[in-house]
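Asks: Numbering (the working numbering), first residue to last: 441 to 1390.
Each residue gets a CB set at the ideal place from its N, CA and C atoms; glycine is no exception.
Quick one: this structure, given as structure tokens, is what I'll be asking you about.
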């Protein structure tokens, strides 16, 4: 990303034009001719429907079930399309990977569909080429490979669980016996696979049911953090906190601050080496042959609590281990979970071919490239030139293959070095299939015809086996022909309708209890003097870098730091002080002969001696949005140290760079206690008495037609994932402002998630509080508006009349919750950031929501368009609105169901159960604004101390 000063919002008026008089007159004449032409009839023939399809009603939304993948794992979604345009993604309640909710990546997929930077055509050495030319080249190369039995032919994919892709790979390897298939997923946990091999003698995949766990121990693991299983794990975590008599307890020992650590009842920040020693001591407490040396007092006290809890809750306790831990610690966790009968199902890997083939590694492919054993290299859906470990030098080695074909959605770093590039369908344009992490299969069906000249992965794999005219639709149906017990067409329609294929969940593997695995050495030291251990994490917004060109995600605040448009090295304040740096200082990180410049961000909750950096930034072939944003952490990664790089050096450069954030974490003790109440289980307050404070204002605002809309947010299960933020942005056409405007303190999100720190540096909780508009019954914004643009409607909604607003911003100044956003420029109306004004992006806009112009104030509306749609539907069916007929975008997105919305005048509505909860409170309630958006206080369940206190 260029420096902020190089991103002017408008041309400088003093800059002298380079046009002379003759050129100016020529352009004027051209412009007049263009204007006249624009008023004439279009050259193309525009034909109306002769017979309207029965399923199509102009302007009416249609919903279709499909599947979106993340790291190769499928999550079922329901996509809303209007007039053939997909505009909104929501979760499929039938699918085990989404359970009716979404995450930031699923929500943002619809914006990526309309990205004008997507690859549009086949390229040969960077020049446009035809499909016929590509297929001719493939015929020649495959004939050579066939003569050699496939020797020299290599296929590299990202991790895939698609049964059709895996079937096609099997067919390819049967046709070319000496060929090899490699798979690389930059966020994969190789240590977990090796740990299962150590424990059980074969690599198995663990599926944990957090809903059945009353005790959860996370050893540098982040099960409710961003990833393919966040929705499922988040829901399980929330279900385990729903009943006071079975309220779960979460222990977390971690080296880098995570969402799991933020929600933990007991948290301890430790160096990864110390966590490994703790794991050995825990195994010793549970009967392992030997443990390790003496632990410090605080760790010993925590060990006593955890071992007691695990022993008391056999069958309802689980130990989870993260990717920074060694394979031996993963194996140790398998042994511990077997001892306590943990709610974990072990299943066979879901990324194997039908014949049982497992993909070879990227390291093996790199070795073959160096040895000159690769003649034809086909790369599908992967970008190893950007995200491979730096010591593999994949960018240099890949060019040793004479024939290099790359298929991807973008002309990315790998495509730039390929001899042939094939544009790949977006998932919302393609037919395919995927499996959830528990093995459940579902169909990927297209919502729209391909916007550009792209192709599907199934078509490319068919070309490699000589099927030039095969269609992805037919190939996917062939895969499932044997699954239907009867009429296949009826079965197929049911699979498409439901969004999953019943009966495909993977069976649990029956195993004997594993023997105690070999213990780690336990001799590592926490840190060498002056050295830092670098912990790498997937970015909570950009993931592995594949979402770098998505503007919604670049401007989505990272949950724990609120940083946008970049990444930073998180250091404990004491480490930063020793190094003589502060937040915003640029440092050089050195790992061997590899270096990287990155700004510093101090984080009180980090472990001493540990620096944390997220992957996914620093792209240079992402597109107009993602190029040059942040630092590329892959440059410090090695094949041996993928998640934990020991002994890195950190040196000052003397330069500074502003850390762009949308807000600050609230750490002032008085503010934290007042604005974010937190209670321990069994110590919740009694139900609040009715408010009898004298007032000249009416007690409440009546609703003339019987509705009184309100929202309750349960902060005890909010995990700060930002799904609600991006869902609101997608539903309500909320614009992106770009880094320069963020630097000036401007952003347009209708919902934000405030972070309250009760003392994370000392192990105390950190909480999340989503803040939409409060829809106050006594709204301070309304009486100060000189043109009555901010008004109350008859159902209690605080409405904003856009065509009245004259931009005085009095309402914003008078709002104590600071939830109003002002269009200083036409962020969505002619002055868009970068290429966001491209015509293709207009396809994503929700036609039910006005696109706001410059000078207009905007804010959360409780998705009033959804209220209106539900009302119209009820009127057509001659019935009253039901208690669950209206669901806001943020409510639907939430993985933990922390947000409830409904009508206060319907006794059976879920909203009223929340209002009656003893934990119920109003944010800044003492101001007398009577907000309709209220909260349930956070609730934690710390273990009793040795003295019996919590």
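Three or more C-beta pairs under 8 Å: does that hold for the region 776-796 against the region 690-698?
Replies: No: fewer than three Cβ pairs fall under 8 Å.
Asks: Tell me which residue opens and which closes the alpha helix (DSSP H) that residue 803 is part of.
Replies: Position 363 of the chain shown holds residue 803. From DSSP, the alpha helix (DSSP H) with residue 803 extends over 802-810.
Asks: Of all the CB atoms in chain D, is at least one closer than 8 Å to the CB of residue 908?
Replies: Among the protein chains of the structure shown there is no chain D, as only one such chain exists.
Asks: Please classify residue 645 as buried or exposed, where buried requires at least 16 other C-beta atoms within 10 Å of its C-beta.
Replies: The count along the chain shown starts at 1 and reaches residue 645 at position 205. Residue 645 comes out buried.
Asks: Roughly how many angstroms lie between the CA atoms of residue 484 and residue 923, to the nearest whole one?
Replies: Your numbering for residue 484 matches position 44 in the chain shown. Your numbering for residue 923 matches position 483 in the chain shown. Unreliable placement is indicated for residue 484, whose pLDDT of 43 sits below 50; the coordinate value is still reported in the next sentence. Residue 484 and residue 923: Cα-Cα distance of roughly 46 Å.
Asks: Have a look at residue 836 and residue 825 and give me their C-alpha separation to the nearest angstrom.
Replies: In the chain shown, the residue the question calls residue 836 occupies position 396. In the chain shown, the residue the question calls residue 825 occupies position 385. Taking the straight line from one Cα to the other gives about 9 Å.
Asks: Would you tell me roughly how many angstroms separate the C-alpha atoms of residue 1380 and residue 654, rounded to the nearest one?
Replies: What you label residue 1380 is simply residue 940 of the chain shown in a count that begins at 1. What you label residue 654 is simply residue 214 of the chain shown in a count that begins at 1. So the two alpha carbons sit approximately 13 Å from each other.
Asks: Suppose you measure from the CA of residue 529 to the CA of residue 504; what does that come to, to the nearest Å?
Replies: Taking the first residue of the chain shown as position 1, residue 529 is located at position 89. Taking the first residue of the chain shown as position 1, residue 504 is located at position 64. Cα-Cα distance, rounded: 10 Å.
Asks: Looking only at DSSP bridge pairs, what is residue 1150 linked to?
Replies: Numbered from its first residue, the chain shown carries residue 1150 at position 710. 1342.
Asks: Let's see if you can read the secondary structure: which residues bound the alpha helix (DSSP H) around residue 1165?
Replies: Here the question's residue 1165 lines up with position 725 in the chain shown. Segment 1163-1171, the alpha helix (DSSP H) holding residue 1165.
Asks: I'd like the ranges of any alpha helix (DSSP H) spanning at least 4 consecutive residues and lying wholly in the region 584-666.
Replies: 603-615, 630-640
Asks: Please list, in chain order, all residues of the same chain as residue 910 whose beta carbon is under 7 Å from its beta carbon, the five residues on each side excluded.
Replies: Along the chain shown, one-based indexing puts residue 910 at 470. Cβ neighbours of residue 910 beyond the five flanking positions: 899, 902.
Asks: From residue 737 to residue 720, what distance separates their C-alpha atoms?
Replies: By 1-based counting over the chain shown, the position of residue 737 is 297. By 1-based counting over the chain shown, the position of residue 720 is 280. Rounded to whole angstroms, residue 737 to residue 720 spans 16 Å at the Cα level.
Asks: How about the region 1103-1113 and the region 1364-1384: do they share at least three Cβ pairs that are nearer than 8 Å?
Replies: Touching, no, given that fewer than three Cβ pairs across the two stretches are closer than 8 Å.
Asks: Leaving out five residues on either side along the sequence, give the residues of the same chain with a beta carbon under 8 Å from the beta carbon of residue 605.
Replies: For the purposes of this step, residue 605 is taken as residue 165 along the chain shown, with counting starting at 1. Cβ within range, chain order: 597, 872, 897, 898, 901.
Asks: Take the Cβ of residue 486 as the centre, count every other Cβ of all protein chains shown within 10 Å, and call the residue buried at 16 or more, exposed below.
Replies: Position 46 of the chain shown holds residue 486. Residue confidence for residue 486 is low, a pLDDT of 42 falling below 50, so the modelled location carries little weight and cannot support an answer.
Asks: Taking the C-alpha atoms as reference points, what is the distance between residue 1212 and residue 1355?
Replies: Indexing the chain shown from 1 puts residue 1212 at position 772. Indexing the chain shown from 1 puts residue 1355 at position 915. Straight-line spacing of the CA atoms in residue 1212 and residue 1355 works out to 17 Å.
Asks: Under 6 Å Cβ to Cβ from residue 553, same chain only, skipping five residues before and after it: list those, please.
Replies: For this step, residue 553 is matched to residue 113 along the chain shown. Excluding the 5 residues flanking it on each side, residue 553 has same chain C-beta neighbours closer than 6 Å at 866, 868, in chain order.
Asks: Looking only at its chain, what residues have a beta carbon closer than 6 Å to the beta carbon of residue 907, apart from the 5 residues adjacent to it on each side?
Replies: Your numbering for residue 907 matches position 467 in the chain shown. Once the five neighbours on either side are set aside, residue 907 has no close Cβ partner at all.
Asks: Fully enclosed by the region 1011-1038, which alpha helix (DSSP H) runs are 4 residues long or longer?
Replies: 1013-1019
Asks: Identify which residue in 889, 1012, 1249 has its Cα closest to the Cα of residue 523.
Replies: Taking the chain shown and counting its residues from 1, one reaches residue 523 at position 83. Closest by alpha carbon: 889.
Asks: Give, in chain order, every unbroken run of the alpha helix (DSSP H) that is at least 4 residues long and sits entirely within the region 880-944.
Replies: 897-904, 912-919, 928-938
Asks: Tell me which residues share the same chain as residue 1118 and place their Cβ nearer than 8 Å to its Cβ, disregarding the 5 neighbours each side in the sequence.
Replies: Residue 1118 sits at position 678 when you count from the first residue of the chain shown. Hits under 8 Å: 1198, 1205, 1207, 1377, 1378, 1379, 1380.
Asks: Grouping DSSP H, G and I as helix and E and B as strand, with all else coil, what is residue 1204?
Replies: As a working mapping, residue 1204 is identified with position 764 in the chain shown. Here residue 1204 sits in coil by DSSP.
Asks: Quick check on residue 448: buried or exposed, where buried means 16 or more other Cβ atoms within 10 Å of its Cβ?
Replies: The residue given as residue 448 occupies position 8 in the chain shown. Legend: pLDDT at residue 448 = 35, less than 50; position of this residue unreliable, value from coordinates given subsequently. The residue is exposed, with fewer than 16 neighbouring Cβ atoms inside 10 Å.
Asks: For residue 425, tell me which candidate among 1296, 628, 1267, 586 has the shortest Cα-Cα distance.
Replies: Any question about residue 425 goes unanswered here, given that the chain covers just 441 to 1390.
Asks: Considering only residues of the same chain and omitting the five flanking positions on each side of residue 1143, which have a CB-CB separation below 8 Å?
Replies: Here residue 1143 is taken as the residue at index 703 of the chain shown, counted from 1. Because the pLDDT of residue 1143 is 48, which lies under 50, any placement of that residue in the model is unreliable, and the number read from its coordinates should be weighed accordingly. Closer than 8 Å at the Cβ level, and outside the excluded window around residue 1143, lie 1234, 1235, 1236, 1345.
Asks: I need the boundaries of the alpha helix (DSSP H) containing residue 717, first residue and last residue.
Replies: The sequence position of residue 717 within the chain shown is 277, counting from 1. Looking at the DSSP string, the run of the alpha helix (DSSP H) that includes residue 717 is 712-725.
Asks: Would you call the CB atoms of residue 1210 and residue 1193 closer than 8 Å?
Replies: Translated into positions along the chain shown, residue 1210 becomes position 770. Translated into positions along the chain shown, residue 1193 becomes position 753. Result yes, Cβ atoms of residue 1210 and residue 1193 sit closer than 8 Å.
Asks: Would you mind giving the Cβ-Cβ distance between residue 708 and residue 1203, rounded to the nearest angstrom? I have them listed as a contact below 8 Å.
Replies: Taking the first residue of the chain shown as position 1, residue 708 is located at position 268. Taking the first residue of the chain shown as position 1, residue 1203 is located at position 763. That pair is a contact at about 6 Å.
Asks: Are three or more beta carbon pairs between the region 507-523 and the region 849-862 nearer than 8 Å?
Replies: In short, these stretches do not touch, since the Cβ pair count stays below three.
Asks: With residue 770 as the anchor, note down where its beta strand (DSSP E) starts and where it stops.
Replies: Along the chain shown, read from residue 1 onward, the residue named residue 770 stands at position 330. Not the beta strand (DSSP E): residue 770 falls in the alpha helix (DSSP H), residues 767-779.
Asks: When the Cα atoms are used, what is the spatial distance from residue 999 to residue 745?
Replies: For the purposes of this step, residue 999 is taken as residue 559 along the chain shown, with counting starting at 1. For the purposes of this step, residue 745 is taken as residue 305 along the chain shown, with counting starting at 1. Their Cα atoms are separated by approximately 29 Å.
Asks: Are the beta-carbon atoms belonging to residue 1058 and residue 989 less than 8 Å from one another?
Replies: Counting from 1 along the chain shown, the entry for residue 1058 is found at position 618. Counting from 1 along the chain shown, the entry for residue 989 is found at position 549. It is not a contact, given that the beta carbons lie outside the stated cut-off.
Asks: In whole angstroms, give me the CA-to-CA distance for residue 1008 and residue 1016.
Replies: Counted from its first residue, the chain shown places residue 1008 at position 568. Counted from its first residue, the chain shown places residue 1016 at position 576. When rounded, the distance between both Cα atoms is 13 Å.
Asks: Quick check on this structure: which residue in 1296, 1157, 682 has the alpha carbon closest to the alpha carbon of residue 1188?
Replies: Start at 1 with the first residue of the chain shown, and residue 1188 comes out as number 748. Ranking the options by Cα distance to residue 1188, first place goes to 1296.
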